Amino acid sequence: MSTRRGAARVTAPSGTHQVTGVAIGRDEAERLAVVLKALSDPTRLQLLAMIEASPDGEACVNDLTEPLELSQPTISHHLKILVTAGILARDKRGLWSWYSIVPDQLQTLRALLPGPTFLR
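Under our numbering, the first residue of the sequence shown is numbered 214, with each subsequent residue one higher.
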């Protein structure tokens, strides 16, 4: 036989403040969550760093497979996630797709990713 206890009512001590405002709007929070989810993989962070550091600020899948020692389908999967999140742009040229960081995303990425040289 179990006994059930009622929930205690908690009141704020005098002199304290209740948080009533919202730091960011829901739309912005959802957009940022998509970006954070896309960035939450080490391979995707490596891809971003490699693309940003490339001479023209862009890279093809073939440029990225060997340095990461991953297959083309695996690299393509990660790039697709970054494109879907709005972090990378894809430019199809003939048979090849070239990827670059969306300029409007650079400020967000720089604020989120630490380090003196990453995405600077």
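Think of the CB as a built atom: it goes at the ideal place given N, C-alpha and C, for glycine as much as any other residue. Please read all numbers here as calculations on a predicted model, not as lab measurements.
- Query: Using the beta-carbon count (16 or more within 10 Å), is Gln285 buried or exposed?
  - Reply: Within the sequence shown, the letter at position 72 stands for residue 285. Only exposed fits Gln285, as fewer than 16 other CB atoms lie within 10 angstroms of its CB.
- Task: Would you please state the rounded distance, in angstroms, between the beta carbons of Leu260 and Leu292? I believe it to be under 8 Å.
- Result: Position 47 of the sequence shown, counting from 1, holds the residue named residue 260. Position 79 of the sequence shown, counting from 1, holds the residue named residue 292. Indeed they touch by this definition, with Cβ atoms about 7 Å apart.
- Beta carbon of Val247, beta carbon of Leu325: below 9 Å? Position 34 of the sequence shown, counted from the start, is the residue given in the question as residue 247. Position 112 of the sequence shown, counted from the start, is the residue given in the question as residue 325. Cβ distance not < 9 Å, so Val247 and Leu325 don't count as in contact.
- Query: Would you say Leu245 and Ile300 are within 9 Å of each other, going by their C-beta atoms?
  - Reply: Counting from 1 along the sequence shown, the entry for residue 245 is found at position 32. Counting from 1 along the sequence shown, the entry for residue 300 is found at position 87. In this structure, Ile300 does not lie closer than 9 Å to Leu245 by Cβ.
- Query: Per DSSP, Glu271 is paired with what?
  - Reply: The residue given as residue 271 occupies position 58 in the sequence shown. Its beta-bridge partners are Ser313.
- Taking Ile314 as the reference, give the member of Lys250, Thr278, Arg257 and Glu282 with the closest Cα. As a working note, residue 314 is residue 101 in the sequence shown. Ranking the options by Cα distance to Ile314, first place goes to Arg257.
- Item | Per-residue burial, Gln231 [other beta carbons within 10 Å of its own, 16 or more giving buried] | For the purposes of this step, residue 231 is identified with residue 18 of the sequence shown, where counting begins at 1. Answer is exposed; the Cβ neighbour count stays below 16.
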